[in-house]
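A quick write-up on the structure given underneath.
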Amino acid sequence: MAENTVARSEGLEARYERYKSILKDLTIMSDIFMRNVFKKRECTEYVLRVIMGQKDLRVIDQVLQKDYKNLQGRSAILDCVVRDSEGRQMDVEIQQDNEGASPKRARYHSGLMDMNTLNPGQDFDELPESYVVFITRDDLLGGGYPIYHIDRKIAEMDTIFRDDAHIIYVNAKKQEDTELGRLAHDLHCKKADDMYSEILADRVKELKETQEGVEFMCHEMEQIYSEGIESGLERGFERGMEQGEQKKARELALKLYQKGDTIEVIAELVEVPVAQLEEWLGLQAV
Numbered sequence: 074m075a076e077n078t079v080a081r082s083e084g085l086e087a088r089y090e091r092y093k094s095i096l097k098d099l100t101i102m103s104d105i106f107m108r109n110v111f112k113k114r115e116c117t118e119y120v121l122r123v124i125m126g127q128k129d130l131r132v133i134d135q136v137l138q139k140d141y142k143n144l145q146g147r148s149a150i151l152d153c154v155v156r157d158s159e160g161r162q163m164d165v166e167i168q169q170d171n172e173g174a175s176p177k178r179a180r181y182h183s184g185l186m187d188m189n190t191l192n193p194g195q196d197f198d199e200l201p202e203s204y205v206v207f208i209t210r211d212d213l214l215g216g217g218y219p220i221y222h223i224d225r226k227i228a229e230m231d232t233i234f235r236d237d238a239h240i241i242y243v244n245a246k247k248q249e250d251t252e253l254g255r256l257a258h259d260l261h262c263k264k265a266d267d268m269y270s271e272i273l274a275d276r277v278k279e280l281k282e283t284q285e286g287v288e289f290m291c292h293e294m295e296q297i298y299s300e301g302i303e304s305g306l307e308r309g310f311e312r313g314m315e316q317g318e319q320k321k322a323r324e325l326a327l328k329l330y331q332k333g334d335t336i337e338v339i340a341e342l343v344e345v346p347v348a349q350l351e352e353w354l355g356l357q358a359v
C-alpha cells in the first residue's frame with residue numbers, strides 16, 4: 074500500500090513537471106490558457122473593446138466553457154459568453170484550426186444563444202442584440218482583411234436585415250501596427266514581456282511567473298488528466314499506446330482537440346508525435 078502511495082506521488086510530481094514545461098509554451102490562442110486568462114474579466118473586456126472598436130464597452134457578466142443545451146439536438150460548449158452594459162450578448166471563440174470555425178458553426182452558436190435566452194412567454198422582440206466572435210489563427214474567409222463583419226441582408230433591397238444577430242471573424246494572422254493587429258500579436262505571445270497590452274501581460278505573468286499562478290495552471294491540466302481517468306483514458310497520458318491503449322489515447326486526443334487545445338499541447342499530453350496525432354485527427358495534407 075505504501076509503495077503504491079509513493080508511486081502515485083512520484084507520478085503526480087512527474088506530471089506537474091511536464092505541465093510546467095507545457096505552460097511555458099502556451100499562448101492565449103490555446104483553449105486551456107485562454108479560458109484562464111479570461112477569468113480576469115478585465116482581459117475579456119479589453120479584447121472586446123478592441124474588436125468592437127468601443128473603448129467604453131463594459132462586461133457586466135460572463136460565463137466560461139458553458140454547455141449550451143439543445144434538448145432536440147446537438148448541444149455545444151461555448152468558450153466565453155458575455156453580457157455587456159448595453160445588454161448585448163457575445164460569444165467569444167478562439168480557434169486554432171479552421172475546422173472549428175466554419176460559418177455554419179458560427180450560425181449554430183448564434184442560434185444556441187438565442188434558444189437559451191428567452192423564458193417561456195417572453196416576446197421574441199425581447200431577444201438581445203447578439204454577436205458571435207471567432208478569433209482564428211488563419212485567414213479563414215480568405216479576403217486578406219484583419220476583421221470581417223457579417224450581417225444578413227435583404228438581397229432585393231440591398232439593405233441590412235435587422236435581426237440584431239451579428240458574426241465577426243478576427244484574422245489573428247494579420248498582425249499589423251494597429252490596435253487590432255497588436256491584439257493579434259499579443260494572442261500569440263508566450264511571454265508577458267513581449268506583449269503590448271499591459272492588461273493581458275499582467276494576467277499572463279500572473280499565470281506563468283508566480284508560484285500561485287503556475288500551481289493553478291498545473292491543477293487545471295491535472296483536471297484534464299483526471300477527466301481522462303474517469304473516462305478510462307488515463308493511459309493516454311501515462312503510456313500512450315502501450316498494451317492496446319491506442320484507441321483510448323485517440324479518444325482523449327479527440328476530446329482535447331474538440332475543446333480547442335493546440336496540436337502541440339495535445340501531443341505532449343498524450344505523448345505521441347505530432348505527425349501521428351495529425352493522422353489520428355485527419356489533419357494531414359492530402
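For what it's worth, the numbering used here labels the leading residue of the sequence shown as 74, then goes sequentially.
Where is the CB? At the ideal position from N, CA and C, for every residue including glycine.
Computed from a predicted model, the values in this text were never measured in an experiment.
Practice prompt. Confirm, please, whether the CB-CB distance from tyrosine 89 to cysteine 262 is below 7 angstroms.
Written response: As a first step, residue 262 is located in the sequence shown; it is residue number 189 there, counting from the start. As a first step, residue 89 is located in the sequence shown; it is residue number 16 there, counting from the start. No, the Cβ-Cβ distance between cysteine 262 and tyrosine 89 is not below 7 angstroms.
Worksheet item: Closest to valine 206 by CA distance: which of Glu337, Ala340, Ile105 and Val123 is it?
Response: Residue mapping note: residue 206 aligns to position 133 of the sequence shown, counting from 1. Of the candidates Glu337, Ala340, Ile105 and Val123, the one whose C-alpha sits nearest the C-alpha of valine 206 is Val123.
Item to complete: Could you check the C-alpha separation between isoleucine 339 and aspartate 198 for me, to the nearest Å?
Response: In the sequence shown, the residue the question calls residue 339 occupies position 266. In the sequence shown, the residue the question calls residue 198 occupies position 125. So the alpha carbons of these two residues sit roughly 43 angstroms apart.
Practice prompt. Would you mind stating whether glutamine 61 and valine 155 have Cβ atoms separated by less than 7 angstroms?
Written response: Only positions 74 to 359 of the chain appear in the structure, and residue 61 is not among them; the question remains open.
Worksheet item: What residue range is occupied by the uninterrupted beta strand (DSSP E) comprising leucine 429?
Response: The chain is shown only over 74 to 359; residue 429 falls outside these bounds and no answer can be derived.
Worksheet item: Which value, in whole angstroms, describes the spacing of the CA atoms of alanine 274 and glycine 146?
Response: For the purposes of this step, residue 274 is identified with residue 201 of the sequence shown, where counting begins at 1. For the purposes of this step, residue 146 is identified with residue 73 of the sequence shown, where counting begins at 1. Going from the Cα of alanine 274 to the Cα of glycine 146 covers about 40 angstroms.
Item to complete: Report the rounded CA-to-CA distance for arginine 235 versus glycine 184, giving the unit in angstroms.
Response: Mapped onto the sequence shown, residue 235 falls at position 162. Mapped onto the sequence shown, residue 184 falls at position 111. One C-alpha to the other measures close to 16 angstroms.
Worksheet item: So, lysine 177 versus arginine 276, is the Cβ gap smaller than 7 angstroms?
Response: Here residue 177 refers to the residue found at position 104 when the sequence shown is read from its first residue. Here residue 276 refers to the residue found at position 203 when the sequence shown is read from its first residue. In this structure, arginine 276 does not lie closer than 7 angstroms to lysine 177 by Cβ.
Worksheet item: Between which two residues does the alpha helix (DSSP H) harbouring serine 158 extend?
Response: For the purposes of this step, residue 158 is identified with residue 85 of the sequence shown, where counting begins at 1. Taken as a continuous stretch (DSSP letters only), serine 158 belongs to no alpha helix (DSSP H), as it is neither H nor E.
Worksheet entry | Where alanine 326 sits in the DSSP three-state scheme | For this step, residue 326 is matched to residue 253 along the sequence shown. Alanine 326: helix per DSSP, three-state reduction.
Discussion item. I need the boundaries of the alpha helix (DSSP H) containing threonine 117, first residue and last residue.
Written reply: Mapped onto the sequence shown, residue 117 falls at position 44. Counting along the chain, the alpha helix (DSSP H) containing threonine 117 begins and ends at 114-125.
Item to complete: State the beta-bridge partners of tyrosine 89 as determined by DSSP.
Response: Here residue 89 corresponds to residue number 16 of the sequence shown, with the count starting at 1. None, per the DSSP bridge assignment.
Discussion item. So, with DSSP's three-state summary, where would you put glutamine 349?
Written reply: In the sequence shown, counting from the first residue as 1, residue 349 sits at position 276. It is helical.
Worksheet item: Assuming leucine 213 contacts tyrosine 242 under a Cβ cut-off of 8 angstroms, what Cβ separation, rounded to an integer in Å, is found between them?
Response: As a first step, residue 213 must be located in the sequence shown, where it is residue number 140. As a first step, residue 242 must be located in the sequence shown, where it is residue number 169. Sure, about 6 angstroms apart at Cβ, within 8 angstroms.
Item to complete: Grab the span of the alpha helix (DSSP H) containing aspartate 187 for me, first residue to last.
Response: As a position in the sequence shown, residue 187 is number 114, starting the count at 1. From DSSP, the alpha helix (DSSP H) with aspartate 187 extends over 176-188.
Discussion item. Given this structure, state the Cα-to-Cα distance separating leucine 137 from phenylalanine 289, to the nearest angstrom.
Written reply: Working through the sequence shown from its first residue, we reach residue 137 at position 64. Working through the sequence shown from its first residue, we reach residue 289 at position 216. Approximately 17 angstroms between the Cα atoms of the pair.
Item to complete: Within the same chain, show all residues whose beta-carbon is closer than 7 angstroms to that of leucine 130, passing over the 5 residues directly before and after it, in chain order.
Response: Numbered from 1 along the sequence shown, position 57 holds the residue referred to as residue 130. Taken in chain order, the residues that qualify are Glu118, Leu121, Arg122 and Asp157.
Discussion item. Using a 10 Å radius around the Cβ and a threshold of 16 neighbouring Cβ atoms, would you call valine 347 buried or exposed?
Written reply: Indexing the sequence shown from 1 puts residue 347 at position 274. Burial call: exposed.
Fill in: Residue closest to lysine 332, alpha-carbon to alpha-carbon, out of Val287, Glu341 and Gln168
Taking the first residue of the sequence shown as position 1, residue 332 is located at position 259. Out of Val287, Glu341 and Gln168, the CA that lies nearest to the CA of lysine 332 is found in Gln168.
Worksheet item: Out of curiosity, what's the CA-to-CA distance linking aspartate 164 and glutamate 202?
Response: Taking the first residue of the sequence shown as 1, we reach residue 164 at position 91. Taking the first residue of the sequence shown as 1, we reach residue 202 at position 129. Cα to Cα, aspartate 164 sits roughly 12 angstroms from glutamate 202.
Fill in: Own chain, CB closer than 8 angstroms to aspartate 98, minus 5 neighbours either side, in chain order
As a position in the sequence shown, residue 98 is number 25, starting the count at 1. So the list reads Lys263, Glu337 and Val338, once near-sequence residues are dropped.
Discussion item. At the level of alpha carbons, what is the spacing between leucine 96 and glutamate 285?
Written reply: For the purposes of this step, residue 96 is taken as the residue at position 23 of the sequence shown. For the purposes of this step, residue 285 is taken as the residue at position 212 of the sequence shown. The alpha-carbon atoms of leucine 96 and glutamate 285 are separated by roughly 13 angstroms.
Worksheet item: So, is alanine 228 buried or exposed, given that buried needs 16 or more other C-beta atoms within 10 angstroms?
Response: Looking up residue 228 in the sequence shown gives position 155. Result: exposed.
Worksheet item: Got a sec, what are the start and stop residues for the beta strand (DSSP E) asparagine 244 sits in?
Response: Taking the sequence shown and counting its residues from 1, the one referred to as residue 244 is at position 171. Its beta strand (DSSP E) spans residues 238-244.
Worksheet item: Any idea what DSSP makes of lysine 247, helix, strand or coil?
Response: Residue 247 sits at position 174 when you count from the first residue of the sequence shown. It is coil, neither helix nor strand.
Item to complete: Compare the Cα-Cα distances from serine 103 to each of Ala245, Gly355, Val345 and Thr232 and report the closest residue.
Response: Here residue 103 is taken as the residue at index 30 of the sequence shown, counted from 1. Taking only the C-alpha atoms, the option nearest serine 103 is Ala245.
Worksheet item: What are the boundary residues of the alpha helix (DSSP H) that includes histidine 258?
Response: Counted from its first residue, the sequence shown places residue 258 at position 185. First-last of the alpha helix (DSSP H) with histidine 258: 252-260.
Worksheet entry | Collapsed DSSP secondary structure at glutamate 229 in the structure displayed | Walking along the sequence shown from the start, residue 229 turns up at place 156. Of the three classes helix, strand and coil, the one that applies to glutamate 229 here is coil, per DSSP.
Discussion item. Once the 5 residues before and after leucine 354 are set aside, which same chain residues still bring their CB inside 6 angstroms of it?
Written reply: Here residue 354 is taken as the residue at index 281 of the sequence shown, counted from 1. Tyr330, listed in sequence order.
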